[in-house]
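**Q**
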Amino acid sequence: MKTKTSGLWLLILLLVACSTQSPAPVEDREVNARVRAPANEDSAGVQVYSLQNPAVKQLTALAGGAERAGDLDQASDYLERALRIQPRDPQLLQHMAEIKLQKEDYQQALNFAVRSYDIGPRVGEICSRNWRTISVAREHLKDFNGSNDAEARASQCMNTRPKGL
Amino acid sequence: MASKVKNTKSVRRKPARKKTVNKKPGLLRRLFRVLLLLLGLVIGLGVPWVIWLDIQVRDEFEGRLWDVPSRVYARPLSIYTGKPISKNSLLLELKAAGYRQTAQAVEPGSYAVHGNDFDINRRAFMFDDGMQPTTHFRLQLSNDAIATLNSVPGSVDLGLVRLDPAEIASIYPLHDEDRTLVALQDVPELLLTGLQAVEDRQFKHHHGVALRSIARALVANVKAGRAVQGGSTLTQQLVKNYFLSSERTLVRKANEAVMAVLLEWHYDKAQILEAYINEIYLGQQGRHAIHGFGRASEFYFNRPLQDIEPQQIALLVGMVRGASLYNPRRNPQRALQRRDQVLDIFGSTGLMTGHQINTAKSYPLGVINKPRSGASVYPAFLDLVRRQLKRDYRASDLGSEGLKIFTTLAPSEQEYAQQAVSMGLDDLQQRGLPADLQAALVLADVASGEVRALVGDRVAGRNGFNRALDARRQIGSVIKPLVYLLALEHVDDYNLITRIKDEPVSLRQADGSLWSPANYDHKSHGELPLMDALIRSYNQATVKVGLNVGVANLIRKIKQLGVDVDIPAVPATLLGAVELTPVEVTQIYQSLAAGGYSVPLRSVTAVLTPEGDLLSRYPLRLRPLEHREAVALLNFALTQVVEQGTARNLHGLLGNNTLIAGKTGTSNERRDSWFVGYTRERVAVSWVGRDDNRPAAVTGGNAAMRIWAGLFQHLPFDAVDLRMPDGANFVWVDKQQQALTGPTCPRAVQIPFIEGTEPKATTKCLEKQLDKNRKSLWRKWFEDKD
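Residue numbers (the working numbering), protein chains in the order written: chain A, 91 to 255; chain B, 370 to 1155.
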């Protein structure tokens, strides 16, 4: 019993030690500053969410937890599992794009965001997150014109009838 | 030492010669010198030789004895409210995962069914993302979907439960062999004692080599005038098996003997016996060797080793002496004699009573006709798994013991796929098609490219030529959609209703001959809309369009879609004179079905070490193709192939009207029949033909499509999603007039166009309607003014 409790203390100590090197809070990351926060600000009112089933909801929550803890591999694994259940869910695809952005896998971030836009509502907050992610990813990929275009598209997401619908 | 003597000799040649002339050394002294030389040789060469043998044999022994095979798992079934799954599929999944049906599902690994209510007690399992504890849950099916999902204690709503996956095989990823390893304590006593009675009675006492047995064998052989008995101990036989070779030289024998002694020196009898039981060669199945009693028991009797009867043990023990000589399938008479001879030895050594022996002898050999091939029921899928593992992992990683390999196989869908092929071909035979037809079927998930089922032979579980991966056959009209895709990418020249000409065409080929392809019905159909030419699969129109877009571009397109093979740049390529495998065709159509997002087909999702560390994972990666709007237009056209074209019988075969995209294909002289079809979430390719490539009287519609339908009638239906991507829209048009029209006008159809390629003209009907609208707008304006 005594060894058990001492083991527990050791674990707690280790956890504390680990937490001193904990990842930056999500609010301080680029994905928040340049994608989520401005998209949220843009949207003020226009929100289009696809219905999520409970399994996808659960996996999305787990992915969010892993993301906050800085375990991006785990987060993308949860999202991949969710995508097996709902492969055409724009929210999931966009979440995956934002995880890829944080992993600095800009090409995949771009691809997932484009896919999310292709099958998503092309309006509202998610649309804005799509284009902002595309913009940031293109910037990192040195496609500066493309990045500016995407930025402009993001602001069009709040028009009631976007191009192409 | 020896060389030194020689040197001194040559230097002092003369005096030495003098000496020998003068004084001959005594016989004893000469003998002593020879002995010394021999001793030197033994020490100088013998010791390194023994050390070398020691390293060899220990390497081999340790490498195998402790080799735990890698376990291969199917994809875990995700269970959640709303999941579409039929009762039959759920039962198949539970069976594949090794769940037992009981009255109450008290134990983990059991389930109970009452009508549409399932009570499932899930086992604890180490998934690739961590341990999941046992979970007892209840679900209710309604209309082929999971309606409710609750925990059993507490009845809490559960979001998601993963069933522990079916174990589909244990393999050595680097070796092309199957084994079923058994631990010594699981081996029947009679096998252990009987083996020693027949092969090596001194096993418990000798040190690897038994001089007495050798002497006994020598006497017996001399008496008989030929080799009737071997004097090898079990240990020597084990060594011989490690370095299998038919060579029978004295040096080899000596090596074996020394290695046997070394083995006995390093390891105890139990370890050696266990290695022997799992190593000894007991037969051959195609290119796979049958090693070990565990595997042999499955191979000959389809039973686990623990369950076999005394006469079956005797047969296997008898086969140790010559697995092919006493092969019970090929030489049943000789095998029976040998078995009875072994049973007599069991009797004379007191292992069995006379009565038991008589009973045992009264049984036939009891060998099953068709061995389950491989240690798995899914040899074709495992073939793909092995290839992808070798392609994507380092050999040093795959050599590790006891890996857990997570794959994408869906056991219920695999079952349906195999049934569709086996029963489908039987049905075709009844309809008058040849009896020697073969088929392949590949089913994959559209979005992830995960292969859910793969069938490479009409016989379930047969481990031979894998047609899904290796049959390279002409794809015929299955190539046409790519020709039209290229056309649709040329937005200035083509849209779906552009009028093209179906008329005789003659082309001079490289060898000077003239190539004049005809249509299937031997008629030319004149001018018609592009999509109609595809829907009806007209050859001449396709060649016209193809020559415009270019054969080289077509070949480039196939490569872009993920299939890297050499294709001849000749006009006949436009009509599918291209040889591809069913898996390659699936890869091409995955990209199209996913709306232009290509992902490599994959069968492995993760590999885990026994410690639970992830060796590596295959993350989902998207590769968007260019011109995705053109892909969307093509997808629409392919749904029309099923609605009104060459695949219009599909709905009848399936018994429903779900929107499906598809394309039939037939090669020259009806040698190959292809069908490619996809729904929103699944893409599948079926092929039917003869192995020797003779004409088979098949067409895409009469053979492969039936097999495709045989599979999909068991799968949940999800209609193709025709929502257009950014840059393309549905528009009401009149195809004949090539003009925009109103929804209520005659001949009005909705067809997708890439923005800017819509017809400029409008029908009179539409103009009238617009006029009316304008007038009514004016009226409204005036009325408002009033």
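All residues carry an ideal CB built from backbone N, CA and C; glycine is no exception. Note that the structure is a prediction, hence the values are computed from the model and not measured.
(1) Where does B:Thr1035 land, buried or exposed, given buried means 16+ other C-beta within 10 angstroms?
(2) Please report the distance separating the alpha-carbon of B:Val390 from that of B:Gly600.
(3) Could you pull the DSSP bridge partners for B:Ser967 from this structure?
(4) What residues in its chain sit with their C-beta under 6 Å from that of B:Ala910, if we drop five residues either side in the sequence?
(5) Going by C-alpha distance, which of B:Asp555, B:Glu782, B:Arg831 is nearest B:Arg821?
(6) Label B:Val591 either buried or exposed according to how many other C-beta atoms from any shown protein chain fall within 10 Å of its C-beta, with 16 as the threshold for buried.
(7) Could you check the C-alpha separation between A:Glu229 and B:Ser972 for me, to the nearest Å?
(8) Mapping the DSSP letters down to three states, classify A:Ser206 as helix, strand or coil.
(9) Note down, in chain order, every chain B residue with its Cβ under 8 Å from the Cβ of A:Asp208.
(10) By the three-class DSSP mapping on this structure, what secondary structure does B:Ile448 have?
(11) Can you name, in chain order, every residue of its own chain whose Cβ lies under 8 Å from the Cβ of B:Gln1105, other than the five neighbours on each side?
(12) Alpha helix (DSSP H) containing B:Tyr611: first to last residue?
(13) Throw me the rounded Cβ distance for the A:Ala203 and A:Ala227 pair, which I believe falls under 8 Å.
(14) Does B:Glu1050 get closer than 8 Å to chain A when you measure Cβ to Cβ?
(15) Between the segment 451 to 481 of chain B and chain A, which residues of the former have CB atoms less than 8 Å from a CB of the latter, in chain order?
(16) Chain A partners of B:Leu1023, CB-CB under 8 Å?
(17) Please list, in chain order, the chain B residues whose beta carbon lies closer than 7 Å to that of A:Gln148.
(18) How would you list, in chain order, the residues of chain B whose beta-carbon sits under 8 Å from the beta-carbon of A:Ile216?
(19) With a CB to CB cut of under 6 Å and the five nearest residues on each side skipped, what residues in its chain are close to B:Arg707?
(20) Judging by CA-CA distance, which residue of B:Trp1101, B:Glu476, B:Phe506 is the nearest neighbour of B:Pro1121?
(21) Using only alpha-carbon positions, find the residue among B:Asp982, B:Ser666, B:Arg756 that is nearest to B:Gly652.
(22) Applying the criterion that 16 or more other CB atoms from any shown protein chain within 10 Å of the CB defines a buried residue, is B:Leu404 buried or exposed?
(23) Mind pulling the chain B residues with CB within less than 7 Å of A:Arg219?
(24) Mind checking if A:Ser166 is an interface residue toward chain B, Cβ cutoff 8 Å exclusive?
(25) May I have the straight-line CA-CA distance separating B:Lys913 from B:Asn922, to the nearest angstrom?
(26) Thinking just about the alpha-carbon of each residue, which of B:Gln929, B:Ser1055, B:Glu431, B:Glu953 is nearest to the one in B:Glu367?
(27) For A:Glu194, decide whether its Cβ has a neighbour in chain B, counting only Cβ atoms nearer than 8 Å.
(28) Taking the C-alpha atoms as reference points, what is the distance between A:Ser245 and A:Asn130?
(29) Please give the ranges of any alpha helix (DSSP H) in the segment 1060 to 1088 of chain B, keeping only runs that are unbroken, at least 4 residues long and fully inside the region.
(30) Assuming A:Ile216 contacts A:Gln181 under a Cβ cut-off of 8 Å, what Cβ separation, rounded to an integer in Å, is found between them?
(31) With H, G and I counted as helix, E and B as strand and the rest as coil, what does DSSP make of B:Ile646?
(32) Taking B:Gln509 as part of the beta strand (DSSP E), name the residues at either end of that continuous run.
(33) Please return the same chain residues whose Cβ sits closer than 7 Å to the Cβ of B:Pro701, not counting the five positions on each side in sequence.
(34) Who are the near neighbours of B:Val790 in its chain, counting only those whose CB is closer than 7 Å to its CB and skipping five residues on each side?
(35) Compare the beta carbon distance of A:Arg222 and A:Arg124 with 8 Å and say whether it is the shorter of the two.
(36) Give the straight-line distance between the Cα atoms of B:Pro453 and B:Ser511, rounded to the nearest whole angstrom.
**A** According to the data block:
(1) buried
(2) The predicted position of B:Val390 is uncertain, since its pLDDT is 47 and thus under 50; a value taken from the coordinates is nonetheless stated next. Whole-angstrom Cα-Cα distance: 50 Å.
(3) B:Arg992
(4) Non-local C-beta neighbours of B:Ala910 in its own chain, meaning closer than 6 Å and more than five positions away in sequence, comprise Ile869, Asp871, Ala902, ordered along the chain.
(5) B:Glu782
(6) exposed
(7) 35 Å
(8) helix
(9) Gly964, Arg997, Pro1094, Asp1095
(10) strand
(11) Arg1116
(12) 603 to 611
(13) 7 Å
(14) yes
(15) Identification of residues in the segment 451 to 481 of chain B having a C-beta nearer than 8 Å to some C-beta of chain A yields Gly451, Lys452, given in sequence order.
(16) Correct list: empty, because the minimum Cβ distance to chain A is about 22 Å.
(17) Gly528, Leu529
(18) Correct list: empty, because the minimum Cβ distance to chain B is about 14 Å.
(19) Gly687, Tyr695
(20) The residue with the shortest Cα to Cα distance from B:Pro1121 is B:Trp1101.
(21) The residue with the shortest Cα to Cα distance from B:Gly652 is B:Ser666.
(22) exposed
(23) Residues of chain B passing the Cβ test: none, with the nearest at roughly 16 Å.
(24) yes
(25) 15 Å
(26) The structure shown does not extend to residue 367 of chain B, since chain B is modelled only from 370 through 1155, so no value can be given for it.
(27) no
(28) Their Cα atoms are separated by approximately 12 Å.
(29) 1074 to 1081
(30) 7 Å
(31) DSSP places B:Ile646 in helix when its eight states are reduced to three.
(32) Where B:Gln509 is concerned, the enclosing beta strand (DSSP E) starts and stops at 504 to 510.
(33) Leu734
(34) Ala808, Leu810, Val824, Arg827, Ile1076
(35) When the beta-carbon positions are compared, A:Arg222 and A:Arg124 come within less than 8 Å of each other.
(36) 9 Å
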